[in-house]
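*Asks:*
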Amino acid sequence: MLTVDRIGDRHEDSCDTAGRAAETPVAPHHHPGPYRRPAPTFRQALGVGAERVIPAMDAAGDDVPYQVPEVALALPSVGLDRRHVPVIIDDPLGGGGTCQLSCQVQVRTAVPADRRGIHTSRIGTAVAGAAGRRHESLQAFAREVARRVDASEYGLGSTVGVSGVLSYLEDVPGWRQDKDKTSLEHLELSASCTVDANGTTERAGIAVNHITACPCVQQTYKHALLAARGDVRAALDTVSPLLTHSQRCRTRVELGRLTGLLPVRALLEAMDRSVYRVQNTLPREHELLLVYRAHAAPQFIEDAVRQVLSRVARTLGQQFPDASVHLESVSYESIHDYDIVADVELPMQALREAVGTAR
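Under this note's numbering, the first residue of the sequence shown is numbered 201, with each subsequent residue one higher.
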């Protein structure tokens, strides 16, 4: 069982009220920020107030995004990307309290044929407003921003994608009590939400780094020993696993068409039962254990992908029978100058049938 302690929980819990509802404002929405850059007002710089200029522009039809374009062509996806967006969510690993992620946010919205463009300041306000609130999950953050953007732009459909890195502390028990250590670990979370005439569609997932050990070298080495030294199978059994090379891999699993909150911890545990996840603090015995386990059960990246998909179906299939499962995995090859990539997307029901979990 994974033991975690959220970084900053102790400080943040002291500031939070227990049981506070998701998306409760951290501060009143109109509260000024801690810093406002020094600059003259519009009136001081231009000699006239914005309250006269902006209405006059609107009356003259000079709000440029609302003008009719020269080419009357609808654009289904226009928007902007933001980095370093602070998103406050409930701890997805179940440690209590909240955590703040520095996220990348992609916003896209539809522009009709009779309008020239989007109002980027409205998108900026939607992102900034949601960033100042506590959310149940990244899904909830993406949903709020998508709804705000669609309502403030043209209401023809908007999509928001968000990804960020969750940092947490994991206990590393030592071979004696005074050798206990702590590892700073990282988990990438992602979520997206589309709001359009068909309703709301959500997806969410996680990405982890892990290692695989190549079975080919082990088998070749075994047969080389058999050919050179005779029948050494008994000896091999006592010293296995045999040497081979290993790769660091990155695997992302996302569930689409979600009808509820993705259980991040359950998904992480499913992946930890399928692949050998890297760890940042590895005392000697833990380092050996990780390498030994990976070499004792060598995997192609294809093997790892199938095992993750099978475990996901067994873990989440009943909870999300109508979801889709998307997995992408990269093996950063250690003895080649290329990488190996696997990409799979299947309906959950088809996946469950393939691995024998459907009723």
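Ideal placement from N, C-alpha and C gives every residue a C-beta, glycine not left out.
Do serine 529 and arginine 450 come within 8 Å of each other at the CB atom, strictly closer than that value?
*Replies:* Going by C-beta atoms, arginine 450 is nearer than 8 Å to serine 529.
*Asks:* Please report how far the alpha carbon of leucine 546 lies from the alpha carbon of aspartate 472, in whole angstroms.
*Replies:* Rounded to whole angstroms, leucine 546 to aspartate 472 spans 21 Å at the Cα level.
*Asks:* Looking at the strands, I want to know which residues DSSP matches up with leucine 389.
*Replies:* Leucine 389 pairs with Gly364, Ile406.
*Asks:* Does isoleucine 254 pass the burial test, meaning 16 or more other C-beta atoms within 10 Å, or should it be called exposed?
*Replies:* Under this definition isoleucine 254 is an exposed residue.
*Asks:* Using a 10 Å radius around the Cβ and a threshold of 16 neighbouring Cβ atoms, would you call glycine 279 buried or exposed?
*Replies:* Classification of glycine 279: buried, given that the 10 Å Cβ count is 16 or more.
*Asks:* Only counting the same chain, and skipping five residues up and downstream in sequence, which positions put a Cβ closer than 6 Å to that of alanine 310?
*Replies:* The residues are Pro276, Leu356, Gly357.
*Asks:* Which whole-angstrom value describes the C-beta separation of histidine 445 and serine 534, a residue pair presumed to lie in contact below a C-beta threshold of 8 Å?
*Replies:* Right, their Cβ atoms sit about 5 Å apart.
*Asks:* To which residues of the same chain is histidine 319 closer than 8 Å at the C-beta, ignoring the five residues directly before and after it?
*Replies:* Excluding positions up to five away in sequence, the list reads Pro265, Ser352, Glu353.
*Asks:* CB-CB under 6 Å to isoleucine 288, same chain, minus the five flanking residues each way: which ones, in chain order?
*Replies:* Cβ within range, chain order: Thr298, Gln300, Arg334.
*Asks:* Across which residues does DSSP place serine 383 in a beta bridge pair?
*Replies:* Note: serine 383 sits in a beta bridge opposite Glu370.
*Asks:* Helix, strand or coil, according to DSSP, for arginine 316 in the structure here?
*Replies:* Looking at arginine 316 - three-state DSSP - the assignment turns out to be coil, as it is neither helix nor strand.
*Asks:* Where does histidine 445 fall in DSSP's three states?
*Replies:* Looking at histidine 445 - three-state DSSP - the assignment turns out to be coil, as it is neither helix nor strand.
*Asks:* Let me know if glutamate 251 comes out buried or exposed under the rule of 16 or more other beta-carbons within 10 Å of its beta-carbon.
*Replies:* With fewer than 16 other Cβ atoms within 10 Å, it is exposed.
*Asks:* Would DSSP call tyrosine 476 helix, strand or coil?
*Replies:* Residue state, collapsed to three classes: strand.
*Asks:* With 16 as the cutoff for other CB atoms within 10 Å, does valine 248 come out buried or exposed?
*Replies:* Valine 248 is exposed by the Cβ-count criterion.
*Asks:* Which of the three DSSP states, helix, strand or coil, is assigned to aspartate 437?
*Replies:* Three-state result, aspartate 437: helix.
*Asks:* With contact counted as at least three CB pairs below 8 Å, one residue from each stretch, are the stretch 414 to 421 and the stretch 494 to 501 in contact?
*Replies:* The answer is yes - the stretch 494 to 501 touches the stretch 414 to 421, with three or more Cβ pairs under 8 Å.
*Asks:* Scan the stretch 465 to 537 and note each continuous beta strand (DSSP E) run of 3 residues or more that stays entirely inside, going in chain order.
*Replies:* List check, beta strand (DSSP E) in window: 524 to 532.
*Asks:* So, for serine 392: in the same chain, excluding its five sequence neighbours on each side, which residues have a beta-carbon less than 6 Å away from its beta-carbon?
*Replies:* Around serine 392: Ala342, Gly361, Arg403.
*Asks:* What whole-angstrom Cβ distance do serine 363 and glutamate 388 have, given they're in contact under 8 Å?
*Replies:* Yes, they are in contact, since the Cβ atoms of serine 363 and glutamate 388 sit about 6 Å apart, within 8 Å.
*Asks:* Nearest to serine 524 by CA position, among Ala550, Val508, Val541, is which residue?
*Replies:* The option with the nearest alpha carbon to serine 524 is Ala550.
*Asks:* Would you mind working out which of Phe242, Val464, Cys414 sits nearest leucine 366, comparing C-alpha positions?
*Replies:* It is Val464.
*Asks:* For valine 453, which beta-bridge partners are listed by DSSP?
*Replies:* The partner list for valine 453 (beta bridge, DSSP) reads Ile406, Leu527.
*Asks:* Let me know if arginine 315 comes out buried or exposed under the rule of 16 or more other beta-carbons within 10 Å of its beta-carbon.
*Replies:* Label assigned to arginine 315: buried.
*Asks:* What residues in its chain sit with their C-beta under 7 Å from that of lysine 381, if we drop five residues either side in the sequence?
*Replies:* So the qualifying residues of the chain are Val372, Gly374, Thr481, Pro483.
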